[in-house]
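Engineer:
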Amino acid sequence: MNNIVILIISIVVLIIIFIITLIIISKNKINESLNAILIANDDINNSLKQKFAIYKEIIQFIKDNINISEDAFSNFTSFNRRECTKSDLINILDKTTYEINDYILKYDELLKTKDFLNLKRKLYHIELNLEAVVDYYNSKLVIYNDLKEHGPTSIASKVFEFENFNETNIDKNEISRLINFN
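Numbering-wise, numbering that gives the first Met the number 0 puts 57 at position 58 of the sequence shown, and it's gapless, one number per residue.
1) F164 by DSSP, collapsed to three states: which one?
2) Just to confirm the assignment, what range does the alpha helix (DSSP H) spanning A52 have?
3) What residue does the alpha helix (DSSP H) around L92 start on, and which one ends it?
4) Could you tell me whether the stretch 141-152 touches the stretch 21-41, where touching means 3 or more Cβ pairs closer than 8 Å?
5) When we look at the beta-carbon of N155 and count the other beta-carbons within 10 Å, is it buried (16 or more) or exposed?
6) Report yes if the C-beta distance between K26 and F159 is below 7 Å; otherwise report no.
7) Less than 7 Å separating the beta-carbons of L177 and T96?
Below is the structure:
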């Protein structure tokens with residue numbers, strides 16, 4: 000009888016140790032994925048800040064060289080980058096891309112000058128990095144959410160509270176028109 004009680008207690012202890020080990024390993028796996036997301040998110044934010052700065056230069060170039068309406072780029076110039084979310088910044092940059100593209104269509108020759116092409120080249124490199132890091136971020140987000148919701152790692156997500164993140168989307172079609180060097 001004593002051997003059976005000791006055996007049952009041993010089995011229960013082993014099961015508890017197994018569950019705790021599983022939770023710790025799952026938590027570490029989710030944290031690995033979370034760290035990749037946080038690093039990618041910082042890279043996205045830095046690229047968006049760089050893109051915002053280059054847009055300021057592009058808009059100033061357009062204003063200095065083309066007669067534009069007073070309210071042109073007013074949404075961009077009145078936008079407060081310091082007090083916005085990432086999605087707000089992406090939205091204003093996407094809208095401004097449309098507006099810049101309109102001027103590129105109308106004033107094609109002026110905007111093929113060396114100075115403007117240098118601005119476009121800078122923007123091209125920023126955009127390449129931004130698109131790559133957004134794709135990386137979104138792929139890591141899929142893995143992160145899958146770890147939180149499925150399999151044995153979902154137990155850890157129930158025990159520990161993990162942050163929720165949204166997918167990041169940027170308008171690749173409009174920016175490709177702007178950074179085109181033709």
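Just so it is clear, CB atoms sit at the ideal spot from N, CA and C, and this is done for glycine as well.
Structural biologist: With the structure as the only source:
1) By one-based count along the sequence shown, residue 164 stands at place 165. Of the three classes helix, strand and coil, the one that applies to F164 here is coil, per DSSP.
2) Stepping through the sequence shown from its first residue, residue 52 is reached at position 53. 1-64 is the extent of the alpha helix (DSSP H) around A52.
3) Taking the first residue of the sequence shown as position 1, residue 92 is located at position 93. Per DSSP, L92 belongs to the alpha helix (DSSP H) from 85-105.
4) yes
5) If you number the sequence shown from 1, residue 155 lands on position 156. According to the sequence shown, residue 155 is Ala rather than Asn. By the 10 Å Cβ count, A155 comes out buried.
6) For the purposes of this step, residue 26 is identified with residue 27 of the sequence shown, where counting begins at 1. For the purposes of this step, residue 159 is identified with residue 160 of the sequence shown, where counting begins at 1. For K26 and F159, yes; Cβs fall inside 7 Å.
7) Along the sequence shown, one-based indexing puts residue 177 at 178. Along the sequence shown, one-based indexing puts residue 96 at 97. For L177 and T96, yes; Cβs fall inside 7 Å.
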